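Here is the structure we will look at, set down as structure tokens.
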Amino acid sequence: LAFYRLWIEFIGEKGLDYGGVQREWFFLLSREMFNPYYGLFEYSAADNYTLQINPLSGMANEEHLKYFKFIGRVVGMAVYHGKLVDGFFIRPFYKMMLGKTISLKDMESVDSEYYRSLKYILKEDPISLDLTMSVEEEHFGETVEVDLIKDGRNIRVTNKGFSDLIPLEALQIFDANELELLMCGLQDISVTDWKANTLYKGEYHANHPVIVNLWKVIIMIIIITVYIIILIISNSSSNCCCCCCGDGFFNRLDLPAYPTFEELRCKLIIAIENAEGFEGVD
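Quick note, our numbering runs 36 ahead of the 1-based positions in the sequence shown.
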């Protein structure tokens, strides 16, 4: 599937897939795949949006390894076809995907408190801490001791001692930051950069009253809503007779000449709230 052109069609929705339908399909599918509700992923200790693999995924789903393989194939297919997925992961996750070595420093961005504890163990003599080669984990409200190595709970700590679809070699030119950008796109959206790279057609230009009002509306909206505006340009229907709408095929915003700022603001909000789906083409 990876090496052939994708053609996506939603049941009950008309639309020619020149890229926009694919973008929405990958977005909607990945949003479900990475949903912590299903027990395969969880939010990291650093924040409530960066994901990591749930160590208890096997308890939540006995076939978790098959699901992870499926998810890996979908992500690989998205990268191959130049589409983004709806999910950001901890930085070590990208390094693991690239087959790169994970260092202690990588843990700082995942769990700063855990990182400081490990740094202390490295600097000080761990004998006084009475640690063993095991960790305690919470399993559904019960504390369980897990061996890090065979019989680790009896060994004291001392001072001793994506590839089915895209070959790993093809990704070696990227670092973890670049792989995240390739998979997930930009996490922060710059309105200034967006304005500087917008192409106007027809009678519109940067100083046109409707365009001036458009950017005023966008700047008034909080950053998460700006993110959704990008989604309507990428994903929403182009058969829209009364509102501004996005053409999912060509990353285009079709903007009628609304006479007032308030009318443009109301229509844009309507478009944002109905940002999913394809009902036809021009």
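Here a beta-carbon is modelled for each residue, glycine too, at the ideal position from N, C-alpha and C. Quick caveat: nothing in here was measured; it's all calculated off a predicted structure.
Neighbourhood of residue i by C-beta, 6 angstroms cutoff - its chain only, sequence neighbours within 5 removed
| i | result |
| --- | --- |
| residue 301 | 253 |
| residue 86 | 80, 124 and 126 |
| residue 69 | 107 |
| residue 239 | none |
| residue 276 | Residue placement at residue 276 is poorly supported in this model, since its pLDDT is 42, which falls under 50; the coordinates are not used for a value here. |
| residue 110 | none |
| residue 44 | 53, 57, 58 and 61 |
| residue 46 | none |
7 angstroms CB neighbourhood of residue i in its chain, flanking five on each side removed
| i | result |
| --- | --- |
| residue 119 | 58, 59 and 62 |
| residue 42 | 58 and 117 |
| residue 100 | 76, 93 and 94 |
| residue 103 | 76 and 97 |
N- and C-terminal bounds of the alpha helix (DSSP H) containing residue i
| i | result |
| --- | --- |
| residue 64 | 56-69 |
| residue 227 | 227-232 |
| residue 217 | 212-220 |
| residue 106 | 100-116 |
| residue 43 | Careful: residue 43 lies outside any alpha helix (DSSP H) and carries neither H nor E. |
| residue 94 | 93-96 |
| residue 254 | 245-256 |
Assumed close pair residue i, residue j - CB separation to whole angstroms, cut-off 8 angstroms
| i | j | result |
| --- | --- | --- |
| residue 124 | residue 214 | At roughly 14 angstroms, the Cβ-Cβ gap does not stay under 8 angstroms, so residue 124 and residue 214 are not in contact. |
| residue 169 | residue 193 | 6 angstroms |
| residue 246 | residue 307 | Between residue 307 and residue 246 the Cβ distance is about 15 angstroms, and since that is not below 8 angstroms, they are no contact. |
| residue 181 | residue 189 | 6 angstroms |
| residue 171 | residue 154 | Not quite, the Cβ-Cβ distance comes to about 12 angstroms (not below 8 angstroms), so this is no contact. |
Distance CB(residue i)-CB(residue j) smaller than 8 angstroms
| i | j | result |
| --- | --- | --- |
| residue 77 | residue 97 | no |
| residue 122 | residue 66 | yes |
| residue 206 | residue 130 | no |
| residue 255 | residue 227 | yes |
Run of the beta strand (DSSP E) containing residue i, from where it starts to where it stops
| i | result |
| --- | --- |
| residue 126 | No beta strand (DSSP E) contains residue 126, which DSSP labels as neither H nor E. |
| residue 89 | 86-89 |
| residue 182 | 178-183 |
| residue 78 | 77-79 |
With 16 other Cβ atoms within 10 Å as the buried cut-off, status of residue i
| i | result |
| --- | --- |
| residue 249 | buried |
| residue 235 | exposed |
| residue 152 | exposed |
| residue 135 | exposed |
| residue 283 | Here residue 283 scores only 49 on pLDDT, less than 50, and its place in the model is too uncertain to base an answer on. |
| residue 237 | exposed |
| residue 291 | buried |
| residue 304 | buried |
| residue 95 | exposed |
| residue 128 | buried |
| residue 48 | exposed |
| residue 366 | This structure cannot settle anything about residue 366, because the visible part of the chain is limited to 37 through 318. |
| residue 83 | exposed |
| residue 142 | buried |
| residue 274 | Note that residue 274 has pLDDT 43, beneath the 50 cutoff, so the model's placement of it is unreliable and no number is given. |
Same chain, Cβ closer than 8 angstroms to residue i, five either side skipped, listed in chain order
| i | result |
| --- | --- |
| residue 298 | none |
| residue 218 | 115 and 210 |
Closer than 7 angstroms: residue i CB and nearest the ligand ZN heavy atom
| i | result |
| --- | --- |
| residue 50 | Within the structure as shown, the ligand ZN is missing, as the structure has no ligands at all. |
Residue i at chain D interface by Cβ criterion, 8 angstroms
| i | result |
| --- | --- |
| residue 119 | The chain inventory of the structure shown lacks chain D, comprising one protein chain alone. |
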